[in-house]
Amino acid sequence: MDLSYTDEELAFRDEVRAFLDEKLPKEMAAKVAGRGELTREEMEKWHAILNEKGWLAPNWPEEYGGCAWNAVQKHIFEEECAFANAPRIVPFGLSMLAPVLMKFGSQDQRDHYLPRILNGDDWWCQGYSEPGAGSDLASLKTRAVRDGDHYIVNGQKTWTTLGQHADWIFCLVRTDADVKQQEGISFLLIDMNTPGIEVRPIILLDGTHEVNEVWFTDVKVPVENLVGEENKGWTYAKYLLTHERTNIAGVGNSQAGLEAVKRMARAEIHNGRPLIENPQFAARMAQAEIDLMAMATTNLRIVSKAAVGQAPGVEASMLKVKGTVIRQEINDLARRAAGPYAMPFPSEAVEGDNDPIGPEYAGPVSAAYFNNRKLSIFGGSNEIQRGIIAKVTMGV
Amino acid sequence: MNFDLTEERQMLQDTLRRFLSDKYDTAARNAILDSETGLSEDIWNGLAELGVIGALFNEDDGGFGGAGFDIAVVFEELGRAGVVEPMLDTAILGGGLLAALGDDAQKEMVEEVIGGALHLAVAHGEPASRYDLNRVETTAKAAGDSIVLNGRKAVVVNAEAADHLIVSARESGAVGDVDGISLFVVPSDAAGLTMRGYALMAGGRAAEVTLDDVNVPASARLGEAGKALPAIETAVAAANVALAAETMGAMQSATELTKDYLMTRKQFGRPIGTFQALAHRMSDMLIELEQARSAVINAAGHLESDARIRDMQIASARNLMGRVGRLVAEESIQMHGGIAMTQEYELAHIAKRITMADHRFGDTDYHLERFIALSAA
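As you go down the protein sequences, you meet chains A and B in turn. Be aware that the first sequence starts at 1, since it is given in the numbering used here, and climbs by one per residue. Be aware that the second sequence starts at 1001, since it is given in the numbering used here, and climbs by one per residue.
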């Protein structure tokens, strides 16, 4: 048992810090800290900076351009990026589709798509959820019917994150409706420029446009865009979901968030004293920090196990639940700390070149609080995660 | 002991509920949210015609209600429908202060408020005051026959739509002193008064108000010089009853929407409400909703009590509403899933109303602290 990083790990951390200090554009970090909406160009720029360094795809095997990092190094990298307010890596091509193609795709598909993902030539989005298929994903209804050299796709996907920017979508479609749900699903790659595709924005409760509906009407998809075998898509989808769970605990985000709350609580004055000295607020903040300290170690324990080759199983679900609960609590603390200045609508507070309405830190807090309610809903809701934990540990 | 509404209040509730269910659906409200003024004059006039504003004032002031339970009945309905029109600001705070402190000329404005013709905003909070009512840095200095106001006011709800602002300013004493605060009725187009307006997260609009050598006659003073704080506290007490009732009404909507959704939405071949993990949480929300209703009754029933008892009941209600409101807003969104995260779904707005109420006149922690202090006194 040794709770400290090794000398090699510390040296690696310093290397990451130096890189972020030098290469992460300051205005980009400020925008991330203030929860401004990043443009497609900004996200692509950050990808390109990482790609130039060779750090865009830490999880990829080296032969495809990945880093030879162990799990602890990956964790350090993610943590430092969160602390520095780096934009998050858009995961759809890099972390979701790529592992599926490496394992199940054809050689042609790998040769064509993987370099394009790395170089930012294609922006991918994910076509999984449907209006009637959320937690129960296998009940999806979007149909793909074989017609000569093509599939004809009809149906609707929803919650398609950043689909407004996408060149391509990877989709789960039903190719056989007469068998058990899970056995009639295929995994298709669809060019978003194909006639018959319509993207409709969904505006979230904080006024942001992150997600979309994607509608398919008689969309012709070449059969070579099928990944793996027809009707085996559910296997690939489950494989993808295990990769969706990287950085699931969000420890770095929580630590950065808690530091921000402390800065706010030092600046806010209540009854002539800084809010950080207020017993009620200080107690809430301490509870969150205590939970976070324990979770950081839980996370490292699980990560270290993976480092020596043991795959995390049920622990990933545990990290998802606890990690999101803690992040959401920190969002709640930030909202409270801002006081009446949490009330302005975020776009009024953070957009454009206007001066902030109240203190600068107050602008994004209520939007962050509402927006991050999604953390416990997406990527397998916390209810689904608890179900997995119960199933694995108790067999129920 | 009798927990039934009087016949008059029952009628008021029924009429108001009918009016809002006819006129104030999600689409109508979204149009109001997107509008420049952030409020609908049609709705406002409709509410005035129904007597809703009059119900918030007593007979001496030209109304036909004005008690804690009148306020509770009206605001529960406004909360159920997620109404964003600034009834709290024009009627409870602005109208309330005019009625309590006004001379004959100033009291005539109350009639105009009741008729729906006059909008008001109370400019009391300041950039550094948070929720502390006694922290006033804005100054009022006599200059000949007039008074000169200087300072900044923060998050003044309804300022842009208001015909008059009721501005607090210090005539004597140090920042934080209880004595020395006065109120002035200032026309919103007064020279030297500027506003930076913005939309609010939960609907409606507010402004940062700057007073730069604003000249008003001495007759603009509302009540006695330097003695306004108790009246401000009384008006805020009424506003807290209104906010608690509004939150409770919004929680009713949230629980109803969630209950309906749990029994209609099917996943894994059955309504998701039949999963015990969700059913029990729905039950917990319903238990807490009853607690919330009782807390509102306690607070409304003590609005006319002496200040310590009144404020203890109010602190208790607002603290409970903050805790229970958070539970209901978060659990309702969680059990709906993604759909509740979308702007066009009713619950998203309702959840924002519940949550953002915690940022007016003290949050959950503030009221806990107040309760501790008052109950130990």
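Glycine included, C-beta positions come from ideal geometry on N, C-alpha and C. Everything numeric in this text was worked out from a predicted model, so none of it was measured.
Residue i versus residue j - alpha carbon distance
{"i": "Q398(A)", "j": "V211(A)", "result": "Residue 398(A) lies beyond the stretch modelled for chain A, which goes from 1 to 396, so this question has no answer here."}
{"i": "V223(A)", "j": "A1340(B)", "result": "37 Å"}
{"i": "S135(A)", "j": "G250(A)", "result": "22 Å"}
{"i": "K157(A)", "j": "K1153(B)", "result": "47 Å"}
{"i": "I1092(B)", "j": "Y1345(B)", "result": "29 Å"}
{"i": "F345(A)", "j": "A1199(B)", "result": "5 Å"}
{"i": "I1166(B)", "j": "G1249(B)", "result": "28 Å"}
{"i": "D332(A)", "j": "R1293(B)", "result": "24 Å"}
{"i": "L1039(B)", "j": "G1204(B)", "result": "6 Å"}
{"i": "H112(A)", "j": "T1258(B)", "result": "47 Å"}
{"i": "L56(A)", "j": "L240(A)", "result": "18 Å"}
{"i": "A260(A)", "j": "I290(A)", "result": "16 Å"}
{"i": "A133(A)", "j": "L140(A)", "result": "5 Å"}
{"i": "S1253(B)", "j": "F1064(B)", "result": "28 Å"}
{"i": "E183(A)", "j": "N231(A)", "result": "6 Å"}
{"i": "R1080(B)", "j": "R1353(B)", "result": "10 Å"}
{"i": "L1078(B)", "j": "P364(A)", "result": "28 Å"}
{"i": "G27(A)", "j": "T324(A)", "result": "What sits at residue 27(A) in the sequence shown is Glu, not Gly. If you take the alpha carbons of E27(A) and T324(A), they lie about 27 Å apart."}
{"i": "M102(A)", "j": "R110(A)", "result": "6 Å"}
{"i": "L1408(B)", "j": "N1045(B)", "result": "Outside the shown range of chain B, which is 1001 to 1377, sits residue 1408(B), and nothing can be said about it."}
{"i": "V1211(B)", "j": "P1086(B)", "result": "Per the sequence presented here, residue 1211(B) reads as Leu, with Val not at that position. So the alpha carbons of these two residues sit roughly 23 Å apart."}
{"i": "G1269(B)", "j": "D1311(B)", "result": "51 Å"}
{"i": "N1058(B)", "j": "A1100(B)", "result": "11 Å"}
{"i": "T1015(B)", "j": "S1283(B)", "result": "30 Å"}
{"i": "E1171(B)", "j": "D1213(B)", "result": "14 Å"}
{"i": "T1234(B)", "j": "L1056(B)", "result": "14 Å"}
{"i": "E79(A)", "j": "A1348(B)", "result": "32 Å"}
{"i": "A349(A)", "j": "R266(A)", "result": "Residue placement at A349(A) is flagged as unreliable, the pLDDT there being 48, under the threshold of 50; a coordinate-derived value is accordingly withheld."}
{"i": "L1289(B)", "j": "D1004(B)", "result": "18 Å"}
{"i": "A1220(B)", "j": "A1048(B)", "result": "26 Å"}
{"i": "G207(A)", "j": "T1026(B)", "result": "16 Å"}
{"i": "I197(A)", "j": "F216(A)", "result": "5 Å"}
{"i": "M1251(B)", "j": "V1328(B)", "result": "7 Å"}
{"i": "K1023(B)", "j": "V1083(B)", "result": "11 Å"}
Three-state class that DSSP yields for residue i in the structure shown
{"i": "A349(A)", "result": "In this prediction, A349(A) scores a pLDDT of 48, lower than 50, which makes its location untrustworthy; the coordinate-derived value is nonetheless stated afterwards. Residue state, collapsed to three classes: helix."}
{"i": "P274(A)", "result": "strand"}
{"i": "G233(A)", "result": "helix"}
{"i": "Q182(A)", "result": "helix"}
{"i": "T1342(B)", "result": "strand"}
{"i": "D1358(B)", "result": "helix"}
{"i": "L94(A)", "result": "helix"}
{"i": "D1104(B)", "result": "helix"}
{"i": "E1160(B)", "result": "coil"}
{"i": "V1084(B)", "result": "coil"}
{"i": "I357(A)", "result": "coil"}
{"i": "T217(A)", "result": "strand"}
Delimiting residues of the beta strand (DSSP E) encompassing residue i
{"i": "Y151(A)", "result": "H150 to K157"}
{"i": "A342(A)", "result": "Counting along the chain, A342(A) falls outside any beta strand (DSSP E), and DSSP gives it neither H nor E."}
Residue interval of the alpha helix (DSSP H) (run including residue i)
{"i": "K74(A)", "result": "A71 to F83"}
{"i": "S376(A)", "result": "No alpha helix (DSSP H) contains S376(A), which DSSP labels as neither H nor E."}
{"i": "D1311(B)", "result": "A1307 to H1336"}
{"i": "D147(A)", "result": "From DSSP, D147(A) is part of no alpha helix (DSSP H) but of the beta strand (DSSP E) over R143 to D147."}
{"i": "R1080(B)", "result": "G1068 to R1080"}
{"i": "W1044(B)", "result": "E1041 to E1049"}
{"i": "Q255(A)", "result": "V251 to A267"}
{"i": "E1007(B)", "result": "E1007 to K1023"}
{"i": "P386(A)", "result": "The sequence given here places Arg at residue 386(A); Pro does not occur at that position. Unbroken alpha helix (DSSP H) run through R386(A): N382 to M394."}
{"i": "H1119(B)", "result": "No alpha helix (DSSP H) contains H1119(B), which DSSP labels as neither H nor E."}
In DSSP terms, what residue i is bridged to
{"i": "H112(A)", "result": "In the DSSP output, where bridge partners are listed per residue, H112(A) has none listed."}
{"i": "C125(A)", "result": "I169(A)"}
{"i": "N212(A)", "result": "P201(A)"}
{"i": "F187(A)", "result": "L172(A) and V227(A)"}
{"i": "I290(A)", "result": "According to DSSP, which records beta bridges pairwise, I290(A) is partnered with nothing at all."}
{"i": "P222(A)", "result": "H150(A)"}
{"i": "A133(A)", "result": "E130(A)"}
{"i": "R1221(B)", "result": "F1184(B)"}
Residue i CB to nearest heavy atom of the ligand FMN below 7 Å
{"i": "P274(A)", "result": "The model depicted lacks the ligand FMN and carries no ligand whatsoever."}
message = I'd like the ranges of any alpha helix (DSSP H) spanning at least 4 consecutive residues and lying wholly in the segment 1168 to 1216 of chain B.
response = If we require 4 residues or more, the segment 1168 to 1216 of chain B turns out to have no alpha helix (DSSP H) run fully inside it.
task = At 3 residues or longer, and completely inside the segment 1121 to 1150 of chain B: list those beta strand (DSSP E) runs for me, N to C.
result = The beta strand (DSSP E) runs of length 3 or more contained entirely in the segment 1121 to 1150 of chain B are, from start to end of the chain, 1139 to 1143.
message = Please give the ranges of any alpha helix (DSSP H) in the segment 15 to 49 of chain A, keeping only runs that are unbroken, at least 4 residues long and fully inside the region.
response = Complete alpha helix (DSSP H) runs here, min 4: 26 to 33.
task = Would you mind listing the alpha helix (DSSP H) stretches within the segment 1225 to 1279 of chain B that are 4+ residues and don't spill past its ends, in chain order?
result = If we require 4 residues or more, the alpha helix (DSSP H) runs fully inside the segment 1225 to 1279 of chain B come out as 1229 to 1264.
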